[in-house]
Amino acid sequence: MAAQIPHPLKRWRVWLAGAACAPLLLLAAFLLAAWIGSSLTRNADRSEPADGITIMVETNGIHTGIVMPVSSQVKDWRATFPTAALPRADGQYPTHIAVGWGEKEVFLNTPTWNDLSISTALRIVFRGGDGLLRVAHYVRPAPSPHHRPIRLSEAEYARLVARIEEALPPAPAGTVRTVYTSYEPNAVHYDATGHYTLGNTCNQWVGDTLAFAGIEMGRWTPLAGGVMKWIPEPPR
Numbered sequence: 000m001a002a003q004i005p006h007p008l009k010r011w012r013v014w015l016a017g018a019a020c021a022p023l024l025l026l027a028a029f030l031l032a033a034w035i036g037s038s039l040t041r042n043a044d045r046s047e048p049a050d051g052i053t054i055m056v057e058t059n060g061i062h063t064g065i066v067m068p069v070s071s072q073v074k075d076w077r078a079t080f081p082t083a084a085l086p087r088a089d090g091q092y093p094t095h096i097a098v099g100w101g102e103k104e105v106f107l108n109t110p111t112w113n114d115l116s117i118s119t120a121l122r123i124v125f126r127g128g129d130g131l132l133r134v135a136h137y138v139r140p141a142p143s144p145h146h147r148p149i150r151l152s153e154a155e156y157a158r159l160v161a162r163i164e165e166a167l168p169p170a171p172a173g174t175v176r177t178v179y180t181s182y183e184p185n186a187v188h189y190d191a192t193g194h195y196t197l198g199n200t201c202n203q204w205v206g207d208t209l210a211f212a213g214i215e216m217g218r219w220t221p222l223a224g225g226v227m228k229w230i231p232e233p234p235r
């Protein structure tokens, strides 16, 4: 009996079903890879020092950042980020800064997911984008599940500082770094080195920066959860 040739319409249905499933399969593969990559540890033998400098790792569920005192025995951030010496929109002077890295267009012009244009999203997926440092100014931030404290030795903190400063491109002598404002009243932005991609995200930058300082961290942390699972929540 001769083999039955599928009707062309059926072939198109199969092709369309496969095309519709492909993005879901790619997303599932990305999430699985992110979970595996963030579970492979760096600095597994690290223990928290008895004294030192307390920082925080912050998250809003999508993005992570590193919260540090404006001034300590190791570093005065007002020398690097002059806005840390200025009063905030509410008139208070910041006690801490939060530093994060991300894609320039998103940081400056995308306050919510609804504001993310399709063209920007596709560009980031296929070509990536320029890096930008976000520096937010806080007054006595309280520990919480979204702001998790961790104590660093002075040597660890010095490495953390050095890594963050490496993200700033060299400023020519006699010039002042460009400061970008955005929709956030208490945050500014500075040009940064690096290229944002789906493999090198804001959270990967935070994970790499913490790991460089000596903090236990996953090897590939493109998602916020991959960073935060290594930082214990503070006692309630």
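At position 39 of the sequence shown the residue is numbered 38 (numbering that gives the first Met the number 0), and the sequence of numbers has no breaks. We put the CB at the ideal spot given by N, CA and C, even for glycine. Everything numeric in this text was worked out from a predicted model, so none of it was measured.
Between which two residues does the beta strand (DSSP E) carrying alanine 210 extend? In the sequence shown, counting from the first residue as 1, residue 210 sits at position 211. Alanine 210 -> not in any beta strand (DSSP E); alpha helix (DSSP H) instead, spanning 201-212.
Neighbourhood of glycine 198 by C-beta, 7 Å cutoff - its chain only, sequence neighbours within 5 removed: For the purposes of this step, residue 198 is taken as residue 199 along the sequence shown, with counting starting at 1. Cβ neighbours of glycine 198 beyond the five flanking positions: Pro221.
Taking the alpha-carbon of histidine 95 as reference, which of Lys74, Phe211 and Val66 has the nearest alpha-carbon? The residue you call residue 95 lines up with position 96 of the sequence shown. That would be Val66, whose Cα lies nearest to the Cα of histidine 95.
Would the segment 212-220 count as touching the segment 124-131 if we require 3 or more Cβ pairs under 8 Å? no
Could you tell me which of Pro110, Ala161 and Ala83 sits nearest to alanine 210, measuring between CA atoms? Residue 210 sits at position 211 when you count from the first residue of the sequence shown. Nearest option by C-alpha distance: Ala161.
Residue range of the unbroken beta strand (DSSP E) whose run includes valine 98: Locating residue 98 in the sequence shown gives position 99, counting from the first residue. Its beta strand (DSSP E) spans residues 95-102.
Can you pull the DSSP bridge partners for isoleucine 65? Here residue 65 refers to the residue found at position 66 when the sequence shown is read from its first residue. In DSSP, isoleucine 65 forms a bridge with Val56 and Val98.
Aspartate 44 by DSSP, collapsed to three states: which one? Within the sequence shown, residue 44 is the residue found at index 45, counting from 1. Note: aspartate 44 maps to coil in three-state DSSP.
Start and end residues, beta strand (DSSP E) containing isoleucine 149: As a first step, residue 149 is located in the sequence shown; it is residue number 150 there, counting from the start. First-last of the beta strand (DSSP E) with isoleucine 149: 146-151.
In this structure, does DSSP put tyrosine 182 in helix, strand or coil? If you number the sequence shown from 1, residue 182 lands on position 183. If DSSP states are grouped into helix, strand and coil, tyrosine 182 belongs with coil.
Would you check if the distance between the CB atom of glutamate 57 and the CB atom of glycine 64 is smaller than 8 Å? In the sequence shown, residue 57 corresponds to position 58, counting from 1. In the sequence shown, residue 64 corresponds to position 65, counting from 1. Taking 8 Å as the Cβ cut-off, glutamate 57 and glycine 64 qualify as a contacting pair.
Return the chain-ordered list of same chain residues with a C-beta closer than 8 Å to the C-beta of glutamate 153, the five sequence neighbours on each side being excluded. In the sequence shown, counting from the first residue as 1, residue 153 sits at position 154. Only Gly51, Ile52, Gln72 and Val73 meet the Cβ criterion.
Whose C-beta lies closer than 7 Å to the C-beta of alanine 83 among residues of the same chain, with five residues either side of it excluded? For the purposes of this step, residue 83 is taken as residue 84 along the sequence shown, with counting starting at 1. The answer, listed in chain order, is Val69, Trp76, Arg77, Pro93, Ile96 and His136.
Determine the direct distance from the alpha carbon of glutamine 91 to that of valine 138, and round the result to whole angstroms. As a first step, residue 138 is located in the sequence shown; it is residue number 139 there, counting from the start. As a first step, residue 91 is located in the sequence shown; it is residue number 92 there, counting from the start. Answer to the nearest angstrom: the Cα atoms are 7 Å apart.
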